[in-house]
Structure formats: C-alpha cells, structure tokens
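So in full-length UniProt numbering, spot 747 of the first sequence is number 747, and the numbers just go up one at a time. Below: the structure, in structure tokens.
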Amino acid sequence: MNYDFREIEAKWQKYWAENETFKASNDSDKPKFYALSMFPYPSGAGLHVGHPLGYIATDIYSRYKRHKGFNVLHPMGYDSFGLPAEQYAIQTGQHPAITTENNINRYREQLDQLGFSFDWSREVRTSNPQYYKWTQWIFIQLFNAWYNKKSDKAENISSLTSIFEKEGNANVEAACDDDVPSFDAATWNGYSDKEKQEILLKYRLTYLADTEVNWCPALGTVLANDEIVNGVSERGGHPVVRKKMTQWSMRITAYAQRLLDGLDKIDWPQPLKDSQTNWIGRSVGATVKFRVMSEKLRVSESENSELKTQNSSFDIEVFTTRPDTIFGVSFMTLAPEHELVAKITTPEQKAEVDAYVEATAKRSERDRMADVKTISGVFTGAYAEHPFTKEPVPIWIGDYVLASYGTGAVMAVPCGDQRDYDFAKHYNIDIPNIFEGVDISEEAFADKETTIIANSDFLNGLSYKDAMKKAIAELEKIGHGEGKVNYRLRDAVFSRQRYWGEPFPVYYVDGMPQMIDLEHLPLQLPEVEKYLPTETGEPPLGNATNWAWNTDKNEVVSNDLIDHKTVFPLELNTMPGWAGSSQYFNRYMDPRNDDAIFSPEAINYWQDVDLYIGGSEHATGHLLYSRFWQKFMFDMDYVPKDEFAQKLINQGMITGTSAFVYRFVLDTRITIESKDKSVSRILYKKSFCISESYITKSKMDGVLITQGDLFLKLCKLIEDEIRRDADVKHTTIVHEKEEIVPVHADVSLINASDELDVEGFKKWRPEYADFEFIKGDDGTFKVSREIEKMSKSKYNVVNPDAICEEYGADSLRLYEMFLGPLEQSKPWNTAGITGVHSFLKKLWKLYAAIEDKEPSADNLKTLHKTIKKVEEDIENFSFNTSVSTFMICVNELTSQKCSSKAILEPLAILVSPYAPHIAEELWSRLGNSGSIAEAPFPKFEEKYLVESSKEYPISFNGKMRFKLELPMDMSKEDIEAAVLAHEKTKEQLQGRDPKKVIVVPGKIVNIVG
RNA sequence: GCCUUGGUGGCGGAAUUGGUAGACGCGCUGGAUUCAAAAUCCAGUGUCUUCGGACGUGUGGGUUCGAUUCCCACCCAAGGUACCA
C-alpha cells in the first residue's frame, strides 16, 4: 500500500471542513488558547511560499495546544482594503471589490490545500461592510474622546465639556494641539456652537489638521515615501511637491509614554521592542529659546528701542538633551527647510543660502543621514543672542539637521558633540571648552558620567546631573526655556486620498465634522465611475454622485440635494491600511455580532492573544497602532487587557531571487542650424534598458556605471537618428546622461540563463514599450540577480501550488519548517524537499503491519527520546529540529523493525501537528474513529531513557582522542583511575605525567599534560 | 552613519547550561536491484596528509583544563532606519 498523499490530504481536508473539527467555542471548561497569525493582504499574485511559513508555525502550535487540552482559537481572515486592488481598478476599470473577492477565493483555495486548523466560521474581511462598520465605530469613539493627563487615560469628551462649562480650560491637562487658546467658563459658555466644536477638535483623539503630503500633480495623487525616488515619482518620473492638506490625524502621541512602558509587560522579540522604543524616541532635556538679533540691531544696539522690538521678534526654539552645556554654544544650526531661514538670512548671504537650500531639497533624508563624512553648511549672516551671556551666536544652516525632528534647529556645542565639533573645525568656528580637565583639541567630549562643567558661570563645578537641573531652572526663571521630555513619535495621519478603504462616518456642517450615529452604520463605500482623483484634485470619492448625508432620513443621497440644511457633504478621504488591522484580533472573538464589536462575554473569555506570529516589517506600523487602539479600548473599558498580545514571534522572511533590468535615460540637447540658416534648439530624450553585461557597480561608492564604450555607442545611435533628417547644415550636440536605475523584472519573465523575455516585459510594463533594449555582445538581454525578501512588490514570488501538487501539503509543511530556525531569514530552494517527502514515505511504511505486541526497550527508548525532544522543541518554537528528530526516530524504529501499536500510536500524535493529514490517516488505520486532533499528547517518561553506562570521550588538552565505555554510576575517582590505567592513555602521554585530570561525570574526561 | 540579526562542509542547517564540531536532510561517489530508467536499499563523504597525524565554526587577540558557545577589537552580509541633538 503506497503513501497516496493526494487521496489522504483531500479526504481529511474534507473531513475537517464537514465536521467543523477546529471550530472554537466561546464557552468551555478547558483553558483558553488564542493563537493568531497576521492576516494576509490578498494580492493578485496569490499566496507565495513565504506566507505559510508563519501560518504553519502557528498551526503546529495550535494543534499542539489542542492535544494538550486547550480550547484553541485559531482564526484567519483578510486585510482586504489596499492599494494594489485600487491600482488594478484604475488600469482595468474592474471594481476592487470584485478583484478582491477573486483574490480571496484563490487564497482560500491555497490555504485549504495546506491543511490549516483554522476556524473558518470566524473569518473576517476588513473590506466587508459588516466588519468596517466597527472600524468606523472605533473612529467615532476616538472622536468622542480626549486624553486627560491627570488621570493618564482617555475619557469621554463630555467630561471635558463639563470642566469647560464650570471653570474653562486653565486647569485642564490634556494631550492637545499647541495652539489652544485659554478661556474661562464664561467665555466658553459664550462661544457659538461652531466655536466650541473648533476648540474641542483640538482635544479629540482623532482630529483634523493641516499636514504636509507628497503631492504629485501629474498623477493627481499623494505618494508614499517609497513611491518617490530621487525626488520624482517612481512611476513615470514626475515631480513631487510638498503640499499642505487637511487630514484626519490620530493623537497617538498622547500614549507615547504608555506605549513605551507597556513593552516591559509583553513577551515580544527584543529587536521589535527596540524598534518601537526608537520609533517613540523619548529623550529628556529642555527647550531653549534663542532670540534672533537683527543686523541693524547689532550696529546700533541702544539707539532705537522701537526697532529692537520690531526686528528681534524671531525666536529660534531648540530642543537639547544637554542643557548643561549651554555655555558651550558657539553657533546654531537650522535645518535648511526651517521656516526662519528665509526670514533671517542677510542680503549678502542670500545667494549662497538659497543655493544650499535648493541643493539640500534634492537630497533624500536617508542620504543626509548616512553621509557623515561630508560636512556642509552655510552661514545665514544672522546672529542669535545667547540667553545667558547675551553674546551673539552665529546662525548656520546645515543638512545634518533634519526639519522633521524636534524643532528643526540645534544649539551647537562643539566641545560636547562630535558632529558639532567636526562642523566647527571645518568652518573655523570657535570651540570653547566648558569641561574641567578635558582635552578637546582632537575630539569632542561626550561622556556624561565624568562631566564636570567649567567656564559656565553659575554651572561651574557641577556634574552633568546637577548642571542639567540648574540650567533648566535658570532657563525657566528667565523665561527662555523649560525642562521637557521630547518624543520622536508624531501623530499619525489617518486620511488617504484613495478609493479602496473605509469611508469615514463623517459629514460636514458649516465646515465642522459631524459623526453619523452608530445605528446608521456602516456607511458604505459609494460607487464611482473612475477610481482616480477628480480633475480638481479631490480624492476619488469626489467622483461619487451619491455622496451626501441626509440628516432627516439618515441615509446617503445624491450630491444634487446638498442644501446645507438637512443634506450635507460627506468626507471624501478614506482610512489608511492600518485602520482595519488595529482591532481585528478582538473582532475574531465574536465576528458575527452586529450589535457590538464583540460581546463582553466573548472578550472576557478570550481576553487577549496568547501567541501572535508575523513578520517584523510590521514593527512600527501595525503593531504600534494596534497597541495604541488597544490601550484606548482599555481606557474606555471595552477590553480587559491593555496589551493585545502576550507573546509575539517574528518569523524570518523567505528570500527570493529578484531580477533587475537597468533603465538609463540620455538627454540630448541639440542646436541645429538648417541650410536656410534658421536655428532651432531641441531637447531629445531617449530611454534605454541595458543588458546586465554592460553594468558594473563601482567599488568606490556602489554607483552603477556602464562598461566600455557603451555610452559612446548610445550617443552615436542618437546622433545618427538626428542626422537622418537631411536638411541640416550644422548641429551642436550635447549629451547628458541620467543615473542608471535598476528596475525589478518579474521572475516569471526570466529563463534559467538569466535572460529576459523582452517582449513579455514590454507587455507587462507598457511604459517600457518605447524603450530601446540594448542586448549584450552575445545577443542576449541578461538581467542581474539579487537575493531579496520575497514580496510581490519585488516580483520575485514563488507559489506553493506546484510543490503541493507534486509532494503534498504535509511535505511542504515539513519542508518549510525544516529549512531552518523560524525567526531567521532563509533563501527558498526546493532542492531538499525530496528528503522530507521520503521521510513521510518511511513513516507510512512503518505502519504497514501494526501489531498489538509489547514494545521492546529500544522501541520505548526511541519513542520517549522523541517525545521529550519534540515537546521541548515546540515550546521553544524550534520546529526545524523536531523535523530532524522525527527522521531519526523513524530511522531507528525502522531498523528496530518496530510494529508495536503502543509505539506507533503515540508517534502519530507527535507527528500530527506537523503533518496532520498523514497523522489522521494513520490514526484511523490504527483503529481509532474520529479525528486525531483532540487525542492527548503522549506523556514523556524518564524511566525509559535511563542508561547504565556512558561512552566517555577521553580528551587530551581538550582534544578528543578516544572513547571509553564506563558505568553511569562510577565515581569521579574510579573514572580517573580507569582512564589513567587505560593503555591508550599511556600511549597518548608517552611517559609524561598528567598535570591535571578533569572528570565531569556523565560528560567528559580531560587530561592535561 | 546608527539600530537589529547573522557569518559553521559543495548546500540548508545541528550542537538547549563552556564539555565528542558538522546531527538530520540535500548533493556527490561507489555498490545492490533492474533489459534499462525511475523508485528503493547499502556503504562512503569537512580540508590537507609523508596515512603517524595536522588543521578546522568570518579575522585577530583574550579568559579557561577545555570556546561555535564567554570577553575585547575588527571584517563581511542581510533587514530596518529617525544624524533623536
């Protein structure tokens, strides 16, 4: 009887579905266990081999916990709103809901094939109105809440208005906008309704604010940072400008400290915690205000007091973690983008500053960050007044200061900060030493612990800590600053100018946002003709003709009916990708509930996620926002835990082999003098894709360069084209090449010799249809290959279907685990799959003739050794080593010719979390009815492993020379005597006396000499 | 630059607390079976070797009776990134 995996796997997948084997109940005497995998975005490419890695791990653990007697919740769903479906819709006109549905069906088919123990009755889809009803609901809860710093939690906005009514806002400590005016009760009560709403908006946990976005006029859309390359859009190379737009924001900064503190309570990988810690970026220090001195002011300081007030009205605020070094300030540096730069620059310096600002704008932030070698900056000509010494401090701009952090300005203390030091050295700026007994002639001194301040007036002789306190106190005294804890974290922009996302349950009355009542939710996405932004630059929902809210009927009506009395315009933005994923883990607990996001019974039973497995790329996105919402839900008493996942594991990614073609654009400026003497100037742009064989990466700086005379060849090509037009007397031709840009090519277009199917590529990427493809000398167009993470966006995905077809799901499951440690990244290579497949065949054979006979001691030893190891492995998420353990076990039992049911039955249970189909089949062949899923996990018994003797490795000076079998219970002294008496020992020592003999009973003997 | 992770045979990897380096699998070599192939089974397989051994876990040091494991310095690769003042 052969191992017919196709039949077996189909049979048990059907059985599980029909019997709802993995359906979880919200009511059970068993202890609960909630195992969760991050749900996928159903892309058009289908599931690839990287997806199941984490799912298999979660599945193994879930099945194991079920064997251990837990009531297991193991759900799956789809994060089904997202950009790819929308882009596909823009290209093809197909509604994203349809493509999404198709993709989900394909995912489901693939997932089913792999035999996961999901409770499909709880499936959620974020794009489903029944689901996003509750996403909208949470948004409303956030809108109706403010953060009270006194109680250190979110509260309903009504508690805020009642304070306002009684006493105004003087005593309110809230997380709010910076520009809240202060008012007393009478003023508040005298405000109009609209004025009150405007004030409240500054306090709400979700609020409207003007935020800068990357606007691409040519594409009519906002771009993400990674959609922009070298300042232009990745697609099409259009210019991108920073533009202010009114957007919904989430006041996540209110939770900065609690998000930081919460990390101590959860068992998440340290690198992930580090990355959240760094993202939140807490630093303790002070803000310091420097007053800008005007040029005139310095010349005629005391003469005109009116001029003084007029011209020194600019304050530069900096945040510093070293206020103790304030007397070491010898210059200031502003980010080139800083709004004051244009205002304070003197006329003499203007040209130089402008040029520098422009040059900086072209550099990416990453560029500016990574480049510490190049020191650059420009003096603005302006000076600021030192708050204590009143000395002028020159104000520079430099691209090492980023506008997005802190205030975008630093007080430079060259003696205490290496970057400031280098900058000062480079531009010959003073480096005053304010440290006692420290030599700063070579480098800055940044060690806080040993700092003693000197040359600093009232700070002289103080340590870092004392000087810090004193400096802050003095700054506060003179009104020039205050102690401050600064967070890097900024409020999260929550609006997207997209179609395929959750609509906001918001309409506008007199410009003020109003929430739609829960009973009228969900507010469903409207139909639109086109999924592109409108011609006037409104988001795609601006195309909808039926997108107005009737407050009488509480329904969506035609835009034509908007009268601003009972019918009002609806919000045109949609929510971002992370909205739907920030509470989905709680929704799984009670996914079909239409009256509440979940029932109190459900949340109180399941509490939180016990094990969450997913990729580390979500460290600062999904995982930070989810923790934020969970804490909010906790504050509002909806959930019992303020952290949603106790334990989290990052599965390593599976890397794929990406393929690149090289894009290269040649600009040619031509001046043509025709025979009739008329002169014309033309800009001629020609685009190429170049075979890999012409490209080398410069060893110096990693820049891509073309090899040999390719450039000349291409210039010649263009010149020939130009000159083909006859009537030309004289031409001047200047070629300018743009950078060589590597572009991903889909790996399905590449053959085994790394050659590109050029026609296929042009068809796949129509914007390359007119490009000239330059083949190599051998007449082929080669791509270059690189190992990268497997991802649809890198076009290097391999899907599991073929492997499933050829070897079966159990083989694939085992193989993905066998590849290596779960947390580590590893390359995908199917070469070794025959190994695990033949293991399954050997396992199968073992059960060919099962007998009811007593197992031998060897049998029992093998079994219990395996139980022990596998159990330890699962608990440690070391799934690769348990696959090896199974192989060893089956090899041993095969050579022992074991056929005993007492051994083979527990073995089937051990294997079942890993290879559930074959385990079920063997289980039923052993005579059991029903599923193996609930069978109790075999119990390990030490007694079968007790050994009477041990084969000791005998080493000399740490090197193993021979082995010696000795009884387990032999004493140290006896072992030493036995080893020293052995003739091989004498042979090794060759007459020398051993200096020392180390005996570790049960482990090793080492002889030194 | 910074943060994180990693570096062990031809390849994926193992060695759980400092105690036999290379488990297990792939690949490769030889053999059995077969008309032949696939499949299966058996044996071998870190490198060098004068066949005694010597060397060997990115590099160089150190601690130790003993180091893949601990410490210091460095090199390389991947992922992330925010010069955090």
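By construction, the Cβ of each residue, glycine as well, lies at the ideal position given by its N, Cα and C atoms.
Asked, Found
"Nearest candidate by alpha-carbon position, reference K30, set I909, T574, Q418 and G69", "G69"
"First through last residue of the alpha helix (DSSP H) which encompasses C898", "Counting along the chain, C898 falls outside any alpha helix (DSSP H), and DSSP gives it neither H nor E."
"Alpha helix (DSSP H) segment containing E50, residue limits", "Just to set this straight, residue 50 is Gly in the shown sequence, not Glu. Looking at the DSSP string, the run of the alpha helix (DSSP H) that includes G50 is G50 to H67."
"Backbone CA spacing between I431 and A409 [nearest angstrom]", "19 Å"
"Per-residue DSSP class, three states only, for R850", "Sequence inspection shows Ile at residue 850; the Arg mentioned does not correspond to that position. Coil, per DSSP."
"contact_flag[the stretch 24-38, the stretch 610-617] where n(CB pairs < 8 Å) is 3 or more", "yes"
"Nearest candidate by alpha-carbon position, reference Q247, set G398, L572 and G50", "L572"
"Those residues which DSSP pairs with D315 across a bridge", "R291"
"Distance between beta carbons of L926 and residue 1014, contact taken as under 8 Å", "With the chain running from 1 to 1009 in the structure shown, residue 1014 is simply not present."
"Residue range of the beta strand (DSSP E) that includes K868", "Counting along the chain, K868 falls outside any beta strand (DSSP E), though it belongs to the alpha helix (DSSP H) covering A857 to E875."
"Rounded C-alpha distance that separates T545 from D27", "47 Å"
"The stretch 167-180 touching the stretch 192-203, judged by at least three CB pairs closer than 8 Å", "yes"
"Nearest-angstrom Cα separation, counted from S955 out to S895", "32 Å"
"Contacts around R298, its chain only, beta-carbon distance under 8 Å, and the 5 residues preceding and following it disregarded", "Because the pLDDT of R298 is 44, which lies under 50, any placement of that residue in the model is unreliable, and the question is left without a value."
"Residue span of the beta strand (DSSP E) that contains Q583, given as start and end", "Q583 -> no beta strand (DSSP E), and no H or E assigned at all."
"Close beta carbons around V329, own chain, < 8 Å, minus the five adjacent residues each side", "H386, V393, M411, A412 and V413"
"Expected contact under 8 Å - CB spacing of F22 and H74 to nearest Å", "7 Å"
"R669 versus Y203: straight-line alpha-carbon distance, rounded", "56 Å"
"Chain-order list of residues whose beta-carbon lies under 8 Å from that of S912 (same chain, five-residue window excluded)", "R63, H67, A919, E920, W923, I932, A933 and A935"
"Counted within 10 angstroms of its Cβ, other Cβ atoms place Q13 as buried (16 or more) or exposed", "buried"
"As assigned by DSSP and simplified to three states, the class of W549", "strand"
"Proximity of V284 and T321 at Cβ, strictly below 8 Å", "yes"
"Cutoff 7 Å; reference V946; Cβ partners in own chain excluding five residues on either side", "none"
"Nearest-angstrom beta carbon gap, R663 and S687 [assumed within contact, 8 Å]", "7 Å"
"CB-CB length for S581 against T126, believed under 8 Å", "7 Å"
"Simplified DSSP state of A342, which is helix, strand or coil", "helix"
"Sub-8 Å separation of T574 and L532 beta-carbons", "no"
"Residues bridged to G398 (per DSSP)", "G377"
"For L205 and Q141, the rounded distance between their alpha carbons", "9 Å"
"Classification of L712 by the beta-carbon crowding that lies within 10 angstroms, buried from 16 upward", "exposed"
"Proximity of R258 and K631 at Cβ, strictly below 8 Å", "yes"
"Coarse secondary structure for G262, derived from DSSP in three states", "helix"
"Cα-Cα separation, T536 to L219", "12 Å"
"Host alpha helix (DSSP H) of Y132 (start-end)", "P129 to F143"
"Per DSSP, cross-strand counterpart(s) of V393", "A384"
"Ordered list of beta strand (DSSP E) runs contained in the stretch 461-530, each at least 3 residues", "481-487, 506-509 and 512-515"
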